[in-house]
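In UniProt numbering, the protein residues as written are 1 to 104.
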């Protein structure tokens, strides 16, 4: 069973991802969603747990859920979420042939 983070932690992470990293959400969704179904036009992070992140993705006005496992495996600590989201971003850039921006 995956680690469940406190609701306030999840809320803060989702607020950050959907407020400051909308382009990253879309990039991750395009890199990790199955190819069938057309171009992804929108992606919103809707959840996360110790095993991965969850996004609502939209293609041709049809919404569906995308779950992506953390690249480093299961996590239980809040700081590990940032590390794993950054790793997802880097992998997404690699898969899509996009130059990743530097991480602060």
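Note that the Cβ used here is the ideal one computed from N, Cα and C, for glycine as well.
On the DSSP bridge assignment, give the partners of residue i in chain order.
i: residue 157; result: Not covered by the structure: residue 157. The range shown for the chain is 1 to 104.
i: residue 66; result: 55
i: residue 40; result: 59
To which residues of the same chain is residue i closer than 6 Å at the C-beta, ignoring the five residues directly before and after it?
i: residue 41; result: 58
i: residue 92; result: 27, 28 and 31
i: residue 76; result: 3 and 50
i: residue 60; result: 38
i: residue 103; result: 86
Please decide whether residue i counts as near chain D, where near means a Cβ-Cβ distance under 7 Å.
i: residue 96; result: Looking for chain D here will not work: only one protein chain is present.
For residue i, I'd like the list of residues in its chain whose CB is within less than 7 Å of its CB, leaving aside the five on either flank, ordered along the chain.
i: residue 64; result: 57
i: residue 67; result: 52 and 54
i: residue 78; result: 5 and 9
i: residue 71; result: 84, 87, 88 and 91
Classify residue i as buried or exposed, calling it buried when 16 or more other Cβ atoms lie within 10 Å of its own Cβ.
i: residue 24; result: buried
i: residue 1; result: exposed
i: residue 110; result: Past the boundaries of the shown model lies residue 110; the chain is included only from 1 to 104, so the question cannot be answered.
i: residue 48; result: buried
i: residue 81; result: buried
i: residue 43; result: buried
Just to confirm my understanding: we take residue i, look at its own chain, exclude 5 residues before and 5 after, and list those with CB closer than 8 Å. What are they?
i: residue 74; result: 2, 3, 50 and 51
i: residue 99; result: 93
Compute the beta-carbon to beta-carbon distance between residue i and residue j, rounded to the nearest angstrom, for a pair I have assumed lies under 8 Å.
i: residue 45; j: residue 14; result: 6 Å
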